[in-house]
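S.K.: Have a look at this one.
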Amino acid sequence: MHNKKKANETTTSVRKDMRIDKELLAKIEEVRGDVPFAAWVKRAIKMRLEGLETKSAESVPTTISADKKIKKKAKAPAKTTTVRTANELRAEKTKQLLFSAISSLSRTKKSEIINARYPKNECRKAIGEIVSKDSIAKYWNEIEIALGD
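What follows is the structure, given as structure tokens:
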């Protein structure tokens, strides 16, 4: 008899439902920024597991005797480092490329773009189509500010 996969399984992952306290969820929402929730949680779990792997045997609680309490050594405060994904790095590079191209435009060209019927398309044409239409749409509010300067 062969194993059948459950509806919530793939060959590489399993879907888990979990309940999160509202206060904890609010704290996560404050910190996570533009990162999708599931990706943020996965990254946090990986960081936590890597921290557990690097713990030395000294920081593990030791029992003195059966009638005494467990003696724990003081933990050093954990360092919080931001882990940047390849997508975040690519997005940053795209944004730098886009805004450097916009800053090189003349003032008249910038005003032509702002006053055009389809300003997003005009902007993309003016900078030489170095980024996708989606990137222009994503950063359009910031682009408008840069064009107005």
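Note that the sequence shown ends on residue 149 in the UniProt record's numbering; no numbers are left out.
Glycine included, C-beta positions come from ideal geometry on N, C-alpha and C.
Please state if the CB of A126 and the CB of K138 are separated by a distance shorter than 7 angstroms.
M.R.: On the sequence shown, position 138 is the one that residue 138 refers to. On the sequence shown, position 126 is the one that residue 126 refers to. No, Cβ-Cβ distance for K138 and A126 is not below 7 angstroms.
S.K.: Whose CA, out of G33, V83, V35, lies closest to the CA of M47?
M.R.: If you number the sequence shown from 1, residue 47 lands on position 47. Among G33, V83, V35, the Cα nearest to that of M47 is on V83.
S.K.: Pull the bridge partners of V31 from the DSSP assignment, please.
M.R.: Numbered from its first residue, the sequence shown carries residue 31 at position 31. According to DSSP, which records beta bridges pairwise, V31 is partnered with nothing at all.
S.K.: Quickly, what does DSSP pair E9 with across the bridge? List them, please.
M.R.: For the purposes of this step, residue 9 is taken as the residue at position 9 of the sequence shown. Answer is V14.
S.K.: What does the alpha-carbon distance come out to for the pair S56 and A44?
M.R.: Locating residue 56 in the sequence shown gives position 56, counting from the first residue. Locating residue 44 in the sequence shown gives position 44, counting from the first residue. Note on S56: pLDDT 47, under 50, position unreliable in the model; no value is reported.
S.K.: Of the choices K16, M18, E142, D149, whose alpha-carbon is the least far from that of L105?
M.R.: Here residue 105 refers to the residue found at position 105 when the sequence shown is read from its first residue. For L105, the nearest C-alpha among the options comes from D149.
S.K.: Please report the straight-line C-alpha distance between T128 and G51, rounded to a whole angstrom.
M.R.: Counted from its first residue, the sequence shown places residue 128 at position 128. Counted from its first residue, the sequence shown places residue 51 at position 51. Correcting the residue identity first, residue 128 is Gly in this sequence and not Thr. Whole-angstrom Cα-Cα distance: 46 angstroms.
S.K.: Please report the straight-line C-alpha distance between V41 and T10, rounded to a whole angstrom.
M.R.: Translated into positions along the sequence shown, residue 41 becomes position 41. Translated into positions along the sequence shown, residue 10 becomes position 10. Each residue's Cα considered, the two are about 19 angstroms apart.
S.K.: To which residues of the same chain is I136 closer than 8 angstroms at the C-beta, ignoring the five residues directly before and after it?
M.R.: The residue given as residue 136 occupies position 136 in the sequence shown. These residues qualify, in order along the chain: L98, K120, C123, R124, I143.
S.K.: Using 10 angstroms around the beta-carbon of I102, count the other beta-carbons present and answer buried if the total reaches 16, otherwise exposed.
M.R.: Residue mapping note: residue 102 aligns to position 102 of the sequence shown, counting from 1. Classification of I102: buried, given that the 10 Å Cβ count is 16 or more.
S.K.: Quick check: what's the CA-CA separation for R107 versus L25?
M.R.: Residue 107 sits at position 107 when you count from the first residue of the sequence shown. Residue 25 sits at position 25 when you count from the first residue of the sequence shown. Their Cα atoms are separated by approximately 45 angstroms.
S.K.: Taking DSSP as the reference, what is the three-state secondary structure of S132?
M.R.: Sequence index remark: in the sequence shown, residue 132 carries index 132 (1-based). Coil, per DSSP.
S.K.: What is the residue span of the alpha helix (DSSP H) that S111 lies within?
M.R.: Taking the sequence shown and counting its residues from 1, the one referred to as residue 111 is at position 111. Looking at the DSSP string, the run of the alpha helix (DSSP H) that includes S111 is 107 to 115.
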